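**Q** Once you've had a glance at the structure underneath, I'll fire off some questions.
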Amino acid sequence: MAARRVPLVLLACGSFNPITNQHMRLFELARDHMHSTGQYQVVGGIVSPVSDSYGKQGLVLAKHRVAMAELALQSSNWVTVDEWESQQPDWTETVVTMRYHYRRILKEYERSVGMHNNSNLSPQLKLLCGADFLDTFKIPGLWRDDHVEELVGHFGLVCVSRGELQPERAVHESDLLSYRRHNIFHVREWVKNETSATEVRRALRRGLSVKYLLPDSVIEYIHQHNLYTEDSEMRNKSAVLRPLVKQAQEPVKSLDD
Amino acid sequence: MEGHSITKVVLLACGSFNPITNMHMRMFELARDHLEDTGQYKVVRGIISPVGDAYKKKGLIEACHRLEMTRLATESSDWVMVDSWESLQPEWVETAKVVRHHYEELLASEQNIDDVDTIKYAKKRRIEENHHKDRDDLQLMLLCGADVLESFGIPNMWKQEDIAEIVGRHGLVCITRSNSDPHKFIHQSDLLWKYRKNIHIVREWVTNDISATHVRRSLRRGQSVRYLLADSVIHYIKEHGLYSSESEQKNADVVLAPLQRYTGASSS
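From first to last, the protein sequence lines are chains A and B. Numbering (my numbering) for the first sequence: 433 to 689. Numbering (my numbering) for the second sequence: -9 to 258.
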């Protein structure tokens, strides 16, 4: 008897400043990996660009980042862009974004399969990220402990490693992550690919070619709107990252919204 | 104002292109940026020359497919194109001969632009020993990765005079990663060191290791190769069912053509 697979949606949060082929590779690698476990059926992928209020240096307007992601994903039949997070008035915690999408996915799913069908497995939403993401949990003030617990305990992570980073080490060095290691899926990227949005922006500032690192349509958009110059990189230069400010002020709330 | 002329450059990449990946295409972009940054060159064309089937490399699929995939991959480029001459030759052709062929073609076409008399041009093309005068303002350079540069050191892989011709008369543009040291390799070879001025090392700061070997492996295992090569190339591969365990076994017990040719032969 064939085991039934859990329907799975992968959510990637980030700056996408700009989106690159490497971002899209993450989805492909993650899907292949989760399928190969035999337990999951990846039914969708969501790219959720962060809002402008994140305050990261060099972040160009969300409307551009969303437009570029849309262009890049035009040819994909399973990954889409979602602007909800980018349109929120303030920076949104990752966990809050996940809760929003999970509610949406559950509603859609219940509508399509019907409430009465108990034999179907409930869909899951996991956060897709690179190995460097795990290290951010260590940065003081960037994450609330209860959020990290909800993220890895309740939702789960699909973490794609690249280059020299060892995600297993980051898990090992954190009691919280270690406790939830069964819900952290490690995907090895054997093709060493250090293409990063930072490098792409650097090349663009210097008038160098970025062809074949991102889709032609995105490159065209960038040139059309003259994004990514020396000036754009100076945006938010002295600003403090919004999560550090917001979370320093807030008392820890309960898990209920 | 100092008058220094800009040398026009055509980049030629030889290789299996089995299949062509985004990394291959990136090499051209990186090379062009590097050369033009020196202020001495203007890169006017890029040529991809897939090797013929007679090369007998393990896993090498038919040239007709590799040519078509390369053509699809270069469709979105306005300066890089594919050339079938090498792959259509019945025997394996030494790289130096491919360079020579393309350089002669280049000179002939430039000559054509200079000459008003087309009959003279036609006559010139028919002559076997076509020794056009080398031009200072036009160069053909071989574009390659550090692995090709280092293959100069593999016994019986290259004839010394061929290496001399490529780096001496023409030029080499070598794309290298942070972990290899081409300067040391050049330093350790008298021949390469002699022509070091014609060897341009382009540092690839952002490692992009999309090897065709890895791509073939992923395809065999049914894994996604999306965003590693052009969508049109992936589509072609699926359509024709290329790259299976069987295709990877092609030439498994055959000796690579250059090794066959040079082993035991005295250098002439």
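The beta-carbon is built from N, C-alpha and C at its ideal position, and this holds for glycine as well. Note that this is a predicted model, so its numbers are computed, not measured.
1. Over the uninterrupted beta strand (DSSP E) stretch that includes B/Gln129, give me the two end residues.
2. At 7 Å on the CB atoms, spell out the chain B contacts of A/Trp575, in chain order.
3. In chain B, what lies closer than 8 Å to A/Val623 by C-beta?
4. Compare the C-beta of A/Leu659 with all C-beta atoms of chain B and state if any pair is closer than 8 Å.
5. What is the C-beta distance between A/Leu557 and A/Leu443, in whole angstroms, given that I count them as a contact (C-beta under 8 Å)?
6. Classify A/Asp607 as buried or exposed, calling it buried when 16 or more other Cβ atoms lie within 10 Å of its own Cβ.
7. Quick one: which chain A residues come within Cβ less than 7 Å of B/Asp23?
8. If you measure between the beta carbons of B/His163 and B/Val192, is that distance less than 8 Å?
9. Let me know the beta strand (DSSP E) ranges lying completely inside the segment 437 to 485 of chain A, each 3 residues or longer, listed in chain order.
10. Taking A/Leu559 as part of the beta strand (DSSP E), name the residues at either end of that continuous run.
11. Is there contact between the segment 631 to 650 of chain A and the segment 438 to 456 of chain A, where contact requires at least three CB pairs shorter than 8 Å?
12. Between A/Thr526 and A/Cys445, which are expected to be in contact by the criterion C-beta below 8 Å, what is the C-beta distance as a whole number of angstroms?
13. Taking the continuous beta strand (DSSP E) assigned at A/Ser507, which residues delimit it?
14. Let's see if you can read the secondary structure: which residues bound the alpha helix (DSSP H) around B/Thr64?
15. Among A/Leu503, A/Val498, A/Met530, whose alpha-carbon lies nearest the alpha-carbon of A/Glu515?
16. In three-state DSSP terms, what is A/Ala671?
17. With 7 Å as the C-beta to C-beta threshold (strictly closer), list the residues of the segment 79 to 98 of chain B near chain A in chain order.
18. Given a cut-off of 8 Å on the beta-carbon distance, is the pair B/Ile200 and A/Val623 in contact?
19. From the DSSP output, read off the bridge partner residues of B/Met71.
20. What first and last residue would you give for the beta strand (DSSP E) that runs through A/Phe617?
21. Does DSSP put B/Pro9 in a helix, in a strand, or in coil?
22. Less than 8 Å between the CB atoms is what I'm expecting for B/Ala220 and B/Ala63, so what's the real figure, rounded?
23. Report yes if the C-beta of B/Val(-1) is less than 7 Å from at least one heavy atom of the ligand HEM; otherwise report no.
24. Taking C-beta pairs closer than 9 Å, name the residues in chain B that A/Glu662 reaches, listed in chain order.
25. Would you mind giving the Cβ-Cβ distance between B/Thr(-3) and B/Tyr31, rounded to the nearest angstrom? I have them listed as a contact below 8 Å.
26. Does DSSP put B/Ile227 in a helix, in a strand, or in coil?
27. Measuring only the C-alpha atoms, how far is B/His92 from B/Leu130?
28. Decide yes or no for the touch test of the segment 59 to 76 of chain B against the segment 3 to 18 of chain B: beta carbon pairs closer than 8 Å, at least 3 of them.
29. Can you name, in chain order, every residue of its own chain whose Cβ lies under 6 Å from the Cβ of A/Thr524, other than the five neighbours on each side?
30. Shorter than 8 Å from the beta carbon of B/Asn12 to some beta carbon of chain A?
31. Using a cut-off of 9 Å between C-beta atoms, extract the partners of A/Thr627 located in chain B.
32. Please state if the CB of B/Glu236 and the CB of B/Gly49 are separated by a distance shorter than 8 Å.
33. Would you check if there are 3 or more beta carbon pairs closer than 8 Å linking the segment 488 to 495 of chain A to the segment 659 to 673 of chain A?
34. What's the C-alpha gap between A/His496 and B/Asp43?
35. Looking only at C-alpha atoms, which of A/Tyr534, A/Ser593, A/Ala629, A/Pro521 sits nearest to A/Arg674?
36. Is A/Phe459 closer than 8 Å to A/Leu560 when the C-beta atoms are compared?
**A** The answer reads as follows:
1. 128 to 135
2. The contacting residues do not exist; A/Trp575 stays about 29 Å from chain B at best.
3. Asp199, Ile200, Ser201, His204, Leu218
4. no
5. 6 Å
6. exposed
7. Leu640, Ser641
8. At residue 163 of chain B the sequence reads Val, which differs from the His that was named. Contact flag set, yes.
9. 438 to 446, 472 to 481
10. 556 to 562
11. yes
12. 5 Å
13. Segment: none, A/Ser507 is in no beta strand (DSSP E) and carries neither H nor E.
14. 53 to 64
15. A/Val498
16. coil
17. none
18. yes
19. B/Ile37
20. 616 to 620
21. coil
22. 5 Å
23. Summarising the ligand content, the structure contains no ligands, and the ligand HEM is consequently not present.
24. Chain B residues near A/Glu662: none, gap ~18 Å exceeds 9 Å.
25. 5 Å
26. helix
27. 8 Å
28. yes
29. Glu517
30. yes
31. Val196, Thr197, Asn198
32. no
33. yes
34. 47 Å
35. A/Pro521
36. yes
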